[in-house]
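Asker:
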Amino acid sequence: MIQVYTGDGKGKTTAAFGLAMRAAGHGYRVRIIQFLKGSTYSGELVAAEKLGIEVFQFGRTCPHAAVIKSGFMKCQKCGQCLVGFNDINDWDRQKVGMAWKLAQDTV
6 MIQVYTGDGK
16 GKTTAAFGLA
26 MRAAGHGYRV
36 RIIQFLKGST
46 YSGELVAAEK
56 LGIEVFQFGR
66 TCPHAAVIKS
76 GFMKCQKCGQ
86 CLVGFNDIND
96 WDRQKVGMAW
106 KLAQDTV
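Numbering of the sequence shown is given in my numbering, commencing with residue 6 and proceeding in unit increments.
1. Applying the 10 Å Cβ sphere with the 16-neighbour rule, what's the burial state of ILE58?
2. Is the segment 17-29 close to the segment 63-75, with three or more CB pairs under 8 Å?
3. With a threshold of 6 Å on Cβ separation, who are the neighbours of PHE22 within its own chain once the five nearest residues in sequence on each side are excluded?
4. Can you name the residues that DSSP bridges to VAL60?
5. How long is the line joining the alpha carbons of ALA70 and VAL51, rounded to whole angstroms?
6. Please identify the residue among SER47, GLN109, LYS42 whose C-alpha is closest to the C-alpha of CYS80.
7. Closest to LEU87 by C-alpha separation, out of LEU41, VAL72, LYS17, MET78, would be which residue?
Structure (structure tokens):
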């Protein structure tokens with residue numbers, strides 16, 4: 006089964022991880038590929054790892070992720086890890102290409 010979540014606003018990650026966790030709970034092999042979403046310190050990644058869900062993130066990383074994960078700092082919402090519609094650069098395009106290749110190889 007292949008699920009694709011796109012668009013503006015909230016809910017895409019929640020929906021994807023919810024379905025992924027249900028599938029993993031039933032013994033399915035699950036792989037999540039996140040386009041233009043870099044490595045973060047979010048709790049869903051910890052839960053996914055415990056359930057054997059493969060998560061691949063292709064995007065900008067949070068420059069403060071390690072410090073935030075350690076509890077020494079809270080996310081300042083600086084936006085350095087976000088990619089806006091008018092903010093896509095050659096590095097982002099390269100990451101999208103890598104993610105697309107992984108998605109094709111997965112199918």
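All residues carry an ideal CB built from backbone N, CA and C; glycine is no exception.
Answerer: According to the structure data:
1. Mapped onto the sequence shown, residue 58 falls at position 53. So ILE58 ends up on the buried side.
2. With the cut-off at 8 Å, the segment 17-29 and the segment 63-75 do not touch.
3. In the sequence shown, counting from the first residue as 1, residue 22 sits at position 17. Excluding positions up to five away in sequence, the list reads GLU49.
4. As a position in the sequence shown, residue 60 is number 55, starting the count at 1. DSSP output for VAL60 lists ILE37 as bridge partner(s).
5. Translated into the one-based positions of the sequence shown, residue 70 becomes position 65. Translated into the one-based positions of the sequence shown, residue 51 becomes position 46. Going by the C-alpha atoms only, they are around 14 Å apart.
6. Start at 1 with the first residue of the sequence shown, and residue 80 comes out as number 75. Of the listed residues, the one whose Cα sits closest to CYS80 is SER47.
7. Here residue 87 is taken as the residue at index 82 of the sequence shown, counted from 1. Checking every option, the nearest Cα to that of LEU87 belongs to LEU41.
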